[in-house]
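Below: the structure, in structure tokens.
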Amino acid sequence: MTSVSTFAQRYSTLPGILQSLQSLVDIDNRTYKKLIQEYQNAPFLSEKQLSENPKKYHISNEFLRHIIFNTNSSLIALASKNSCQFAYMLWLDLLRVTNGRIKNIILEDDAESSYLIDPKKYSEIYLKNHCPELFTTIKYFEKSEFDNLVSNLRINVPKNNNECYKFHESILDSNQLPFYIFLGEKINEGEKILLNKKGNTNLNAQEKKSVYFSKNIKNNLGSSKTSVIKSLISNLDNEQQFCSRLFNDDFFSVVLQNRNLSYLLQPMCRGILKKYSALEIKDYDSCISSINNHPEACSTAYSQFHRAYFPKNNCPAFNTNYNNSIFNESVSDCPGSLSNESIINIGRIIQYFSEAPPLKQTFSPPKCASHYLYEFRNFSKEMGIEDTWKNQLCYFNEFAKETRCFPVIFGGLDKHPESVTNVVSKILYESKKLPLNNKCKFNEISNLSSLEMSRNSGCNIYYSSHNCSVDQCPIKIFLNGRKLSNFITYKNDSSLFYFPDNYKNLKSSAHHLLKNKFKLKESKIFNLTQLKEKLKKKSIIHGLGCGEDLYPNDFFREQFNQCHPIPFIVVGVSKDLKYLTERILLLSAIDNISSPQIVEWKTIQSSIENFQATHPTNHWSLHALYR
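Per our numbering, residue 109 is the first one in the sequence shown, and the count goes up by one each step.
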């Protein structure tokens, strides 16, 4: 397939606000270094000196400017309300300077002489003299007292938006606010370390301490209070966003509050808890607690059962998916168990427009993806393209002196006439090797190559899940303990046009047939504005793009005009508040349905343009289907 270079990887050098901000950062770095050099030999002020005359000393204005410039703006807004809040945040190590944590405070006296002092000592003496109520809470930071304090922390978790707005307003005026912020910062610190290091491996002593502290706080708080704290510190100055995240964005909190949605977590929690039997209510609480402690757990959990692109999204990304994806109430599927990517996409589109209920869960890989294939087979028969499916089992009929072939599907749903068990049973009956009412059994074994014979009576079909999909699956057939070699052969010559590659197969393409089946309208999507507008309707936006653009770390261009086409569906748009941009939720045919990729519009655009350059009719392959 074809690919051409685009401007997606070129960066603008035009001056603007970003350049101005960088200039300010550079200036701050230079002046801070100069300030530290200037006062590095200043004498240390003793606790006794400060305690005897606390009003004589104040923080250097220039040093204070560096704190304001480098500390989170919402924290500074709160700290500026009164000096007690500022001193408490300083004691809790929430304020920052140019190079990170504050190691020493620069003080000046009335005669403009300069001194250094430890921030803990300075803030503790200040709190003692000016803020006695906050000073009394310092004793609770001893280990035993701290755990007890966190466990008994009174946070009345809001149950609706009205309660939430009142809660946000009241907590901002609370003397405990800096303590809540401290808890949130420590939780996030530990989670970020685990996320960056991808687990508990290769952590230094300080990182291990931070991770342990983070887990300890979350265990003592519990899932609901942890969600409140984390949402609060991210949205101190935005009550609407705080409540939105608490009740909508935090997917795991939603599940805790609405047990009817627990099925969405079932496959993930089975993998995390390593429990493959039915889950109880307490299991979901344990699972969410584990997720809060290990935000990376969602990336790898249950992957051996639900085959798909690996690794999947981390746990925080599930919040984005749940609130923005059109498939937000679909449970996991396993596209990796069906080698035909077009059929995966077609099956998902059929499921969406037919408004079918979520798929029933199964942990057997061949059975997991069989739903989509059966949907496609029914669809192909209904739309008159049954012959496009050429996956067949064949045998030579001695009586008719001819080779006969039957369409076959491997995997579950044995009642379907094209399931492998029914097809093999039919062949053996026609060849007089098996009575009419006898059915073959489909058996999984660990190693197909080591299987030499079976002592089981009747017809037994053996497969290995390691190399078996619902459309391609090496099998061995035994009849009454005797292996049937070379009697039944398999051939695969399926052809399906997702989009037409010439004008002759226009009406037989999957896109055209889906449009006719559900009586849909269509339009091509050329920009982000059109995409967002169509997503507001009952629509599917689907396309074909080059995998080299969609997954640059996995599909490499080794030659000019190379393109591995991958079908995909755009399932939503989310706002990236950090970068003030909009991101696309892209569910490709190799992604788990509950774990779409979060990409920029330019990524999709590049993949479409490069696919278009390889197409025989220069087809633009991003379309909306809608009612």
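Backbone N, C-alpha and C fix where the C-beta goes; we use that ideal spot for every residue, glycine too.
Residue i, DSSP secondary structure in three states
i	result
Gly330	coil
Arg204	strand
Glu404	coil
Tyr140	helix
Ser447	coil
Leu311	coil
Arg512	strand
Gln148	coil
Lys498	coil
His727	coil
Asn431	helix
Asn505	strand
Val707	strand
Lys547	coil
Glu552	strand
Glu490	helix
Leu340	helix
Glu437	coil
Pro419	coil
Cys377	helix
Asp345	coil
Tyr410	coil
Ser539	coil
Asn161	coil
Ser322	helix
Lys383	coil
Leu129	Any reading at Leu129 is ruled out, since the residue's pLDDT is 47, under 50, leaving its predicted position unreliable.
Leu153	coil
Ser398	helix
Glu388	coil
Ser702	coil
Ser715	helix
Ser478	helix
Glu299	helix
Ser533	helix
Ser335	helix
Supposed close pair residue i, residue j - CB separation, criterion 8 Å
i	j	result
Cys548	Asn568	7 Å
Leu153	Tyr140	Contact doesn't hold; Cβ gap of about 21 Å is too wide.
Gly605	Cys671	As written in the sequence, residue 605 is Phe, which differs from the Gly given in the question. Not confirmed; about 16 Å, so no contact.
Ile457	Leu622	6 Å
Asn453	Cys351	Going by Cβ atoms, the distance from Asn453 to Cys351 rounds to 36 Å, so no, they are not a contact pair.
Asp441	Ala185	Not a contact, Cβ separation roughly 46 Å.
Ser617	Phe607	6 Å
Ser318	Ile301	6 Å
Gly69	Ser729	This structure cannot speak to residue 69, because the chain is shown only from 109 to 735.
Asn74	Ser407	Nothing about residue 74 can be reported from this structure: the residues present for the chain run from 109 to 735 only.
Counterpart residues of residue i in DSSP-defined beta bridges
i	result
Ala732	Ser631 and Ile649
Ile517	Ser527
Any non-hydrogen atom of the ligand ZN within 8 Å of residue i CB
i	result
Phe504	As for the ligand ZN, it is missing from this structure, which has no ligand bound.
Cutoff 9 Å: residue i Cβ touching any chain D Cβ
i	result
Lys326	The structure shown contains no chain D, having only a single protein chain.
Practice task
Only counting runs of 4 or more residues, tell me where the alpha helix (DSSP H) segments fall wholly within the segment 643-700, in order along the chain.
Solution key: Listed in chain order, the alpha helix (DSSP H) runs fully inside the segment 643-700 are 655-658, counting runs of at least 4 residues.
Handout entry: Length-filtered (4 minimum) alpha helix (DSSP H) runs lying within the segment 556-632
Key = If you keep only unbroken alpha helix (DSSP H) runs of at least 4 residues inside the segment 556-632, you get 618-625.
Exercise for the section: Give a yes or no on contact between the segment 205-225 and the segment 370-380, applying the rule of three or more CB pairs nearer than 8 Å. Expected result: Result no; under three Cβ-Cβ pairs closer than 8 Å.
Problem - At least three beta-carbon pairs within less than 8 Å, the segment 223-230 to the segment 245-257 - result: Touching, no, given that fewer than three Cβ pairs across the two stretches are closer than 8 Å.
Exercise for the section: List in chain order: all unbroken alpha helix (DSSP H) runs of 4+ residues lying wholly within the segment 255-290. Expected result: Within the segment 255-290, the complete alpha helix (DSSP H) runs of at least 4 residues are 269-280.
Exercise for the section: Report yes or no: do three or more beta-carbon pairs, one from the segment 191-210 and one from the segment 227-238, lie closer than 8 Å? Expected result: A contact exists between the segment 191-210 and the segment 227-238.
Practice task
State whether the segment 670-685 contacts the segment 428-437, with contact taken as three or more CB pairs (one from each stretch) at a distance under 8 Å.
Solution key: Enough Cβ pairs lie closer than 8 Å, so yes.
Handout entry: Meets three-Cβ-pair contact criterion under 8 Å: the segment 534-554 and the segment 416-424
Key = They do not touch, by the three-pair rule.
Exercise for the section: Taking 8 Å as the threshold, find out whether the segment 329-339 comes into contact with the segment 261-279 through three or more Cβ pairs. Expected result: Flag = yes, the segment 329-339 and the segment 261-279 touch.
Practice task
Let me know the alpha helix (DSSP H) ranges lying completely inside the segment 163-228, each 4 residues or longer, listed in chain order.
Solution key: Scanning the segment 163-228 from its first residue to its last, the whole alpha helix (DSSP H) runs of 4-plus residues come out as 169-178, 181-187 and 191-199.
Exercise for the section: Count the CB pairs spanning the segment 388-399 and the segment 640-650 that are closer than 8 Å, and state whether there are at least three. Expected result: Short answer: they don't touch.
Handout entry: Inter-stretch contact at 8 Å, needing at least 3 Cβ pairs: the segment 693-704 / the segment 579-595
Key = At 8 Å Cβ cutoff, the stretches do not touch.
Problem - Cβ pair count under 8 Å reaching 3, the segment 701-710 against the segment 489-509 - result: Contact between the segment 701-710 and the segment 489-509 is absent: fewer than three C-beta pairs spanning the two stretches fall below 8 Å.
Exercise for the section: Evaluate contact between the segment 377-386 and the segment 447-456, counting only Cβ atoms and requiring at least three cross-stretch pairs below 8 Å. Expected result: Touching, no, given that fewer than three Cβ pairs across the two stretches are closer than 8 Å.
Exercise for the section: Inspect the CB distances between the segment 186-194 and the segment 230-242 and report whether three or more fall short of 8 Å. Expected result: Short answer: they touch.
Practice task
Could you tell me whether the segment 650-669 touches the segment 401-410, using the rule of 3 or more Cβ pairs below 8 Å?
Solution key: They do not touch, by the three-pair rule.
Handout entry: Cβ pair count under 8 Å reaching 3, the segment 272-289 against the segment 318-327
Key = No, they do not touch.
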